[in-house]
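>
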Amino acid sequence: MKRLDFRPFIQWHSLLWIGLVIICLLALSLRDDYPVSEDIASLIPHADQDKQRDIIQRMAKPFDQQILILLGGPTPDSVTQAAQQLAQQLRSEHGQPEQGQTEPAFEQVQLNNTQQGQQLARLYFPYRFMLLTDQQQQALASPNSLAEQQQRLWQQLNSPTSPVSSSLLSRDPWLLFPEWLSQHNTQHWQLYKGIALHQNSDGFWTLIRARFNGSAFDPGLQQRLMPLINTSLDKLPDNITAARAGLLFHAAAATQQAQHEVTLIGGLSIMGIITLVLLAFASLRPLLLILLSLSTGLLAALTFCWWWFGSLQLLTLVFGTSLIGIAVDYSFHWCCERQSSTDSAMQTLRHLAPALTLSAASSLLAYLTMTLMPLPAIQQMATFCAIGLAIAALTLWLLAPSLAPDIKTPRFSRWLWRHLPLPGHRVLWLLLVILLMGLTQVSLNDDIRALRGGDPTLRQQEQQVRQLVQLQDNQFFIISGTDQEQLLQRDEALRQQLAHFSGIDSQQGVSEWLPSQQRQQRNYHLQAPLFADQGLGSLAQLGFDITPLKQLQSVYQQADGHWLTAAVLTDQLPMIAGLYDFQGPHPYVIRRVQGIQDLAGLEHLADTLPGVAWVDPVAEISQQLGHLRLLTWGVILTTLAIAAALLSWRLSWPIAWRLLAVPTLGGLSAIGGISWLGQPLTLFHSLALLLVLGIGIDYALFHQFARQHRPQVGLATTLAGLSTLLAFGTLAFSHTPALAGFGLLLSIGIVVCYSLAPALCRPEFRTPQSSVTEIQTHD
Numbered sequence: 001m002k003r004l005d006f007r008p009f010i011q012w013h014s015l016l017w018i019g020l021v022i023i024c025l026l027a028l029s030l031r032d033d034y035p036v037s038e039d040i041a042s043l044i045p046h047a048d049q050d051k052q053r054d055i056i057q058r059m060a061k062p063f064d065q066q067i068l069i070l071l072g073g074p075t076p077d078s079v080t081q082a083a084q085q086l087a088q089q090l091r092s093e094h095g096q097p098e099q100g101q102t103e104p105a106f107e108q109v110q111l112n113n114t115q116q117g118q119q120l121a122r123l124y125f126p127y128r129f130m131l132l133t134d135q136q137q138q139a140l141a142s143p144n145s146l147a148e149q150q151q152r153l154w155q156q157l158n159s160p161t162s163p164v165s166s167s168l169l170s171r172d173p174w175l176l177f178p179e180w181l182s183q184h185n186t187q188h189w190q191l192y193k194g195i196a197l198h199q200n201s202d203g204f205w206t207l208i209r210a211r212f213n214g215s216a217f218d219p220g221l222q223q224r225l226m227p228l229i230n231t232s233l234d235k236l237p238d239n240i241t242a243a244r245a246g247l248l249f250h251a252a253a254a255t256q257q258a259q260h261e262v263t264l265i266g267g268l269s270i271m272g273i274i275t276l277v278l279l280a281f282a283s284l285r286p287l288l289l290i291l292l293s294l295s296t297g298l299l300a301a302l303t304f305c306w307w308w309f310g311s312l313q314l315l316t317l318v319f320g321t322s323l324i325g326i327a328v329d330y331s332f333h334w335c336c337e338r339q340s341s342t343d344s345a346m347q348t349l350r351h352l353a354p355a356l357t358l359s360a361a362s363s364l365l366a367y368l369t370m371t372l373m374p375l376p377a378i379q380q381m382a383t384f385c386a387i388g389l390a391i392a393a394l395t396l397w398l399l400a401p402s403l404a405p406d407i408k409t410p411r412f413s414r415w416l417w418r419h420l421p422l423p424g425h426r427v428l429w430l431l432l433v434i435l436l437m438g439l440t441q442v443s444l445n446d447d448i449r450a451l452r453g454g455d456p457t458l459r460q461q462e463q464q465v466r467q468l469v470q471l472q473d474n475q476f477f478i479i480s481g482t483d484q485e486q487l488l489q490r491d492e493a494l495r496q497q498l499a500h501f502s503g504i505d506s507q508q509g510v511s512e513w514l515p516s517q518q519r520q521q522r523n524y525h526l527q528a529p530l531f532a533d534q535g536l537g538s539l540a541q542l543g544f545d546i547t548p549l550k551q552l553q554s555v556y557q558q559a560d561g562h563w564l565t566a567a568v569l570t571d572q573l574p575m576i577a578g579l580y581d582f583q584g585p586h587p588y589v590i591r592r593v594q595g596i597q598d599l600a601g602l603e604h605l606a607d608t609l610p611g612v613a614w615v616d617p618v619a620e621i622s623q624q625l626g627h628l629r630l631l632t633w634g635v636i637l638t639t640l641a642i643a644a645a646l647l648s649w650r651l652s653w654p655i656a657w658r659l660l661a662v663p664t665l666g667g668l669s670a671i672g673g674i675s676w677l678g679q680p681l682t683l684f685h686s687l688a689l690l691l692v693l694g695i696g697i698d699y700a701l702f703h704q705f706a707r708q709h710r711p712q713v714g715l716a717t718t719l720a721g722l723s724t725l726l727a728f729g730t731l732a733f734s735h736t737p738a739l740a741g742f743g744l745l746l747s748i749g750i751v752v753c754y755s756l757a758p759a760l761c762r763p764e765f766r767t768p769q770s771s772v773t774e775i776q777t778h779d
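So for the sequence shown, UniProt numbering puts the first residue at 1; every next one is plus one.
As structure tokens, this is what we get:
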């Protein structure tokens, strides 16, 4: 019989692959940049509460673009000198040299100094007639207020510790403004040589604030600022302690960690796979086929994601490196089928087509269901892997007949199948029962903080800064309203309620610094008796000159209607930066609280006041992640149902149920395994179950479609399992808990599926000796 010539077919397929690569390269070349981000906000679902999310983002922006450096030392002189040295270096340096870089690294570097108190006095003193504390209001509202104020003033004037100047008395004879101003200085910093210091049992401390432009998640900005900060801190004397806080430090640490893990996981996977290929096939052709398949899949995935999403998450790159462990499975099955085969390359391809198609479809189904999750980062990871896997399988289909038509069976292949026997029935089912018993220990944890990694040293330093600087907790009230006046009145009402609430330590908001016009009017009128003729007479009795008092009376009368407004405070008060927006599409005011002991009471309080909502971003995100976890379980069950229907229609009910038993038992065993290890089940564990489903069906399908007389499928599955463990096993050692849990559960599931597939789907091939005999017979 005349042998068919497949060379035109092979050439046509090769040209199609070349065209695909050219399209991807051209698409990448059309982009101006290739942004990579590790913003943790990508894990947050796009909830329906767009207004609230927008408020939170705007509130956080000023804090996200600044760093805090706390310096401590044994003496005031050592701390002030170190602070001045560090501030000078941060102001003068330009950061890591860049082409065309002329601006300073930091937009503003600020020390705690005397100017802050002086600035507050200069800012508010012209509006002193509109400002009163709650205690002053109560005192002036009493029937005997004038006599009481006269008595209070007499005591202050005769007190040796009262810092009263003649200049102040001539402009504020009742000394109401200093009392109001002192109530707003709650951090008790001491002034030393123009710098504010805090003293405790550990020594003296001062704070440096530095503000920069740009996103803390920008790797370029991190490369510019971090060397400058580290170098400047290294130059400080040995007796100076530095603690850092700010999103920039966490983002830079996450970038470094992710880049390290991308290199480590991808490098170990590729090196391991290359070693496996060379040992198993003793030829460079299979290695070339695998590398082309992987590189084409990764190239297509990168191209599509950059164009579709605009930027790539570093988490996607870390997760995407695990694609290596799955995409090579198809090449392994091809190479094992071609070992000492008498069939033509195209006949082998046609024989593999059913299993290859169903396997790729099942894995793609698992990835595509992940895109249903309303989490941008997970959608991108799933899309990346789905595109990469599909193109890797297509590359194998196009190039395998021409690149690796004939493959020998080296000694390692025989040794591997001989010395890696599957566990016997009793051992297998015993291990399975032990793992399944772990289901009784299952616990859940949807707290987003459990998914984050991070440097423990950074977290410890940030906690130290928070305690000394009294940074507020990330839980707060959002007050909504139609205009500035309504917002401030509602904020004042909430402040009054919290003042009598015992479930918090402190509170901070806008109305302390910017009273509503209603309150300013009341404050102004409450002071009217003090500047009336009777009030001036009381001052004259204490020895004040009546002539300047008459002038002050005129100043008081002219101040009527000149209210303190938000325009006066713009960019003047960093302590309330980001806590209000009166001009945006959704006007709001924020009230922060610290030292929460009664969370339920705060939530109830918000429900009783109009326009007030209690916001706990961590709790809300965690609740959403819990909802997504339940949704993932629903997707898993739906995927199993669809797969059962398709396999039953394509094959038969008994075969379909045996095929699905492999990933089902593998997934349940993996859950039991992590439960025995004390890990609670999270969203990322649930997502790993989707891949256990896809990979487990892969193993089952290839065993189901194996030829009765050829054991190469067992060798291919072994190589595939080892390569997948190389990929996901390294994920289990990630410092990011989300990825580590993902990799651990998937690794357990893969081992169980690998062991169950030949036992449930092709029981006649579970005996290693018969398989070795088959290989030797065909050599």
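Each residue gets a CB set at the ideal place from its N, CA and C atoms; glycine is no exception.
Going by Cα to Cα distance, which pick from Pro286, Pro405, Pro529, Leu287 is closest to Ala147?
It is Pro529 whose Cα lies nearest to the Cα of Ala147.
> Report yes if the C-beta distance between Thr395 and Thr296 is below 7 angstroms; otherwise report no.
Contact: yes.
> Looking only at its chain, what residues have a beta carbon closer than 7 angstroms to the beta carbon of Pro219, apart from the 5 residues adjacent to it on each side?
These residues qualify, in order along the chain: Val36, Thr255.
> Here's the rule: buried if 16 or more other CB atoms are within 10 angstroms of the residue's CB, otherwise exposed. What is Leu34?
Residue identity differs from the one stated: residue 34 is Tyr in this sequence, not Leu. Looking at its Cβ environment, which holds fewer than 16 other Cβ atoms inside 10 Å, Tyr34 is exposed.
> Candidates Gln84, Gln150, Leu268: which alpha carbon is nearest Ser232's?
Closest by alpha carbon: Gln84.
> Within the chosen definition, does the segment 717-736 reach the segment 642-654 through at least 3 CB pairs nearer than 8 angstroms?
No: fewer than three Cβ pairs fall under 8 angstroms.
> Give the secondary structure of Asn239 by DSSP, where H, G and I count as helix, E and B as strand, and everything else as coil.
DSSP places Asn239 in coil when its eight states are reduced to three.
> Within a Cβ cutoff of 6 angstroms, which residues of the same chain sit near His525, ignoring the five residues on either side of it in sequence?
None.
> What's the C-alpha gap between Leu15 and Thr724?
Each residue's alpha carbon lies about 30 angstroms from the other.
> Report back the beta-carbon spacing between Leu640 and Leu693 to the nearest angstrom; my notes put them in contact at under 8 angstroms.
Confirmed, Cβ separation roughly 7 angstroms.
> State yes or no: is the C-beta of Phe309 within less than 7 angstroms of the C-beta of Gln380?
For Phe309 and Gln380, yes; Cβs fall inside 7 angstroms.
> Kindly indicate which three-state DSSP category Ser723 falls into: helix, strand or coil?
In this structure, Ser723 counts as helix in the three-state DSSP scheme.
> Spatial neighbours of Ala656 within its chain, please: CB distance less than 7 angstroms, with the 5 preceding and 5 following residues excluded, ordered by chain position.
Only Ala644, Leu647, Ser648 meet the Cβ criterion.
> Please list the terminal residues of the continuous beta strand (DSSP E) segment that includes Trp614.
Trp614 -> beta strand (DSSP E) spans 612-615.
> Would you please state the rounded distance, in angstroms, between the beta carbons of Gln553 and Leu542? I believe it to be under 8 angstroms.
The Cβ separation is near 16 angstroms, so there is no contact.
> Can you give me the C-alpha to C-alpha distance between Arg338 and Ser331, rounded to a whole angstrom?
Cα to Cα, Arg338 sits roughly 11 angstroms from Ser331.
> Anyone know if the C-beta pair for Gln557 and Phe129 falls short of 7 angstroms?
No. Outside cutoff.
> Are three or more beta carbon pairs between the segment 238-249 and the segment 147-156 nearer than 8 angstroms?
Not touching, per the Cβ criterion.
> Would you tell me roughly how many angstroms separate the C-alpha atoms of Gln776 and Trp415, rounded to the nearest one?
With a pLDDT of only 41 at Gln776, under 50, the local geometry of the prediction cannot be trusted, and no value is derived from it.
> Buried or exposed: which applies to Val618, given that a residue is buried once 16 or more other Cβ atoms fall within 10 Å of its Cβ?
Looking at its Cβ environment, which holds fewer than 16 other Cβ atoms inside 10 Å, Val618 is exposed.
> Would you report the Cα separation of Asn445 and Leu428, rounded to the nearest angstrom?
Going from the Cα of Asn445 to the Cα of Leu428 covers about 30 angstroms.
> Give a yes or no on whether the C-beta atoms belonging to Ala732 and Ala740 are separated by under 7 angstroms.
In this structure, Ala740 lies closer than 7 angstroms to Ala732 by Cβ.
> Below 7 angstroms between beta carbons: does that hold for Val469 and Leu579?
No, they are not a contact pair.
> Looking at the unbroken beta strand (DSSP E) that takes in residue 785, where does it start and where does it end?
The question about residue 785 has no answer, for the chain in this structure spans 1 to 779.
> What residues in its chain sit with their C-beta under 7 angstroms from that of residue 831, if we drop five residues either side in the sequence?
An answer regarding residue 831 cannot be provided, because it is not within the stretch 1 to 779 covered by the chain.
> Please go through the segment 529-598 and give each complete beta strand (DSSP E) segment of 3 or more residues, from N-terminal end onward.
Listed in chain order, they are 588-594.
> Indicate, with yes or no, if the ligand ATP has a heavy atom lying under 6 angstroms from the CB of Val635.
The model depicted lacks the ligand ATP and carries no ligand whatsoever.
> So what does DSSP say about Leu444, is it helix, strand or coil?
Leu444: strand per DSSP, three-state reduction.
> Where residue 780 and Leu701 are concerned, what is the direct C-alpha to C-alpha distance, given to the nearest angstrom?
No information on residue 780 is available, as it lies outside the stretch 1 to 779 that the chain covers here.
> For Gly595, tell me which candidate among Val713, Gln467, Gln137, Ile290 has the shortest Cα-Cα distance.
It is Gln467 whose Cα lies nearest to the Cα of Gly595.
> What separation, rounded to the nearest whole angstrom, lies between the Cα atoms of Gln223 and Leu90?
So the two alpha carbons sit approximately 15 angstroms from each other.
> Would you kindly report the start and end of the unbroken alpha helix (DSSP H) that includes Gln496?
Per DSSP, Gln496 belongs to the alpha helix (DSSP H) from 484-499.
> To the nearest angstrom, report how far apart Thr632 and Ala390 are at their CA atoms.
Those two C-alpha atoms are separated by around 22 angstroms.
> Helix, strand or coil, according to DSSP, for His735 in the structure here?
Coil, per DSSP.
> Between which two residues does the beta strand (DSSP E) containing Gly696 stretch?
No beta strand (DSSP E) contains Gly696, which is instead part of the alpha helix (DSSP H) from 683-704.
> Check whether the Cβ atoms of Ala760 and Val662 lie closer than 7 angstroms to each other.
Before going further, note that residue 760 is Leu rather than Ala in the sequence given. Yes. Within cutoff.
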